[in-house]
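Count the sequence shown with my numbering and you get residues 46 to 433, in order.
Using N, Cα and C, we set each Cβ at its ideal position, and we do this for glycine too.
Worksheet for the structure shown next.
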Amino acid sequence: MAGAAYSSQNSAQSYLLKADPKAAYSADPTDGLAAVNAFAAELTKNPQFIISIRDTNAAQASFVSRPLNATLLSFYGLRAASIGQSGLANAVMASADTVSRRDAFSQLWMIEQKSGADDVKGAVSHYNALLSVHPAMQATLLPVLVSALAYPEVRAAIRPYLNPEMRWGWSGPFLDLASQRVEVDQYRGLVEPIASRLRGDEYAVSNARIIYRMLQSGLAGDAWKLFSLVAPNVDVGAFRAFAPSGANIDPKWQPLSWTLGQSDDISASVDGDGTIDVTVAPTARGLIASRDVPVTPSSTYVLGHRSLYEPGSPSASLRWSVYCSVQNGRQLIVDRFVPATANSKLAQLSVEVPENCNLVRVELSALGSEGQLSSMVKITDLMLAESN
């Protein structure tokens, strides 16, 4: 009975440690772990919370039964720092780090210490420990790491941790954020030496985004070089060709690959020969296909296609729209309907690419016919070529 009662009391205390730290601490003021949890709860609400001597005494007493507990050590270190004993605080925090890298307080402390000493590799090592064990802290810490990528030494220190084989990796979310915020040259400098590690689907979004941004900035040569490194099984020449094919319809590379309309009213699919088969419901309006394509600024291009309708199919109104994809939005260049009577005839439009425009978005949309029947059309001979 006594053993059962003790076990029940222990279970209740263990539950309170997680569910209600304050209640656990009140139930057993000598329990240092309860003090730590209560302190952590207070610190979350009030960053200026001061550890009392009572809390410290509880932590010290708990060292008897838990001499190698990193959480207790870090708690004691924080108390030492709060009363100006910086030397003791540093020593205790270093001990906590030696015991276990799973404690958040000591890892945050070590990051500050290593950063203050300009030990970049050391600081990144502690970032890795903290982010790997406490993924909830990624929202706070990843932006800090991303902002530091402006420095080559930081990029070099981070590379070893950008590895999909690491069990508790944070590289995917990190690169996703970096590909949005970091200058393209800095991002390229970070990933090019390790591009062979970044071929998994978890990196597809960040890879597509940074290649898109490089093309947008006029760095086409560098962009396609990086593409060939992260997508070694893709034929770069076939991918860059304008007409749709198996190489350039993979959704992981959108918007650099084709996006095809798939709705109840308008559906599109690609044949092996690059033809787009389209079904447009009566009076339907929407996108058939779109793609972002690198171009030469201040040049003239020809955009063209043929429309081949099924026998007896009514004609839909087809519309080409071309926009310059710039960093602050899109600028309309061309917006024209293709005559519905142009069945089987090569329809061509002139596209004047403005200055400082390195990337255009090409959209083909449809307006369904009046009546009861859907339009069934094949879009063939797609082309976007620079004029001589």
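Check                                                                                                                                                                    : Outcome
Is residue 203 helix, strand or coil when you go by DSSP?                                                                                                                : helix
If residue 408 sits next to residue 305, beta carbons under 8 Å apart, how far is it from one beta carbon to the other, in whole angstroms?                              : Not really, about 12 Å apart at Cβ, beyond 8 Å.
Along the chain, where does the beta strand (DSSP E) containing residue 368 start, and where does it finish?                                                             : 362-371
Going by DSSP in three states, residue 382 sits in which element: helix, strand or coil?                                                                                 : strand
Give the straight-line distance between the Cα atoms of residue 374 and residue 406, rounded to the nearest whole angstrom.                                              : 11 Å
If you draw a straight line from the alpha carbon of residue 376 to that of residue 382, how long is it in whole angstroms?                                              : 18 Å
List the endpoints of the continuous beta strand (DSSP E) containing residue 178.                                                                                        : No beta strand (DSSP E) contains residue 178, which is instead part of the alpha helix (DSSP H) from 165-178.
Beta-carbon within less than 8 Å of residue 200's beta-carbon, same chain only, minus the 5 sequence neighbours each way: which residues are those?                      : 194, 231, 234 and 235
What's the gap between the Cα of residue 323 and the Cα of residue 395?                                                                                                  : 24 Å
For residue 349, which residues does DSSP report across the bridge?                                                                                                      : 393 and 428
Which of helix, strand or coil does DSSP assign to residue 305?                                                                                                          : strand
Based on Cα-Cα distance, which residue from 425, 271 and 338 lies nearest to residue 293?                                                                                : 338
Kindly identify the DSSP beta-bridge partner or partners of residue 182.                                                                                                 : Residue 182 is not bridged to any residue.
For the beta strand (DSSP E) containing residue 312, list its first residue and its last residue.                                                                        : 311-315
For the beta strand (DSSP E) containing residue 321, name the first residue and the last one.                                                                            : 321-325
How many angstroms separate the CA atom of residue 303 from the CA atom of residue 287?                                                                                  : 9 Å
Alpha helix (DSSP H) containing residue 407: first to last residue?                                                                                                      : Counting along the chain, residue 407 falls outside any alpha helix (DSSP H), though it belongs to the beta strand (DSSP E) covering 404-412.
In chain order, what residues of the same chain have a beta carbon less than 6 Å from the beta carbon of residue 326, not counting five sequence neighbours either side? : 310, 413 and 419
Is DSSP giving residue 243 helix, strand or coil here?                                                                                                                   : coil
Distance check for residue 404 and residue 372, CA to CA, integer angstroms please.                                                                                      : 10 Å
Tell me where the alpha helix (DSSP H) around residue 334 begins and ends.                                                                                               : Premise fails: residue 334 lies in the beta strand (DSSP E), 330-339, not in any alpha helix (DSSP H).
Ordered along the chain, which non-local residues of its own chain (more than five positions away) have a Cβ less than 7 Å from that of residue 301?                     : 253, 256, 257 and 337
Which class does residue 261 belong to by DSSP, given the choice of helix, strand or coil?                                                                               : helix
Compare the C-alpha of residue 217 against each of 155, 227, 313 and 245 and name the closest.                                                                           : 245
Leaving out five residues before and five after residue 262 in sequence, what residues of the same chain have Cβ atoms less than 6 Å from its Cβ?                        : 229
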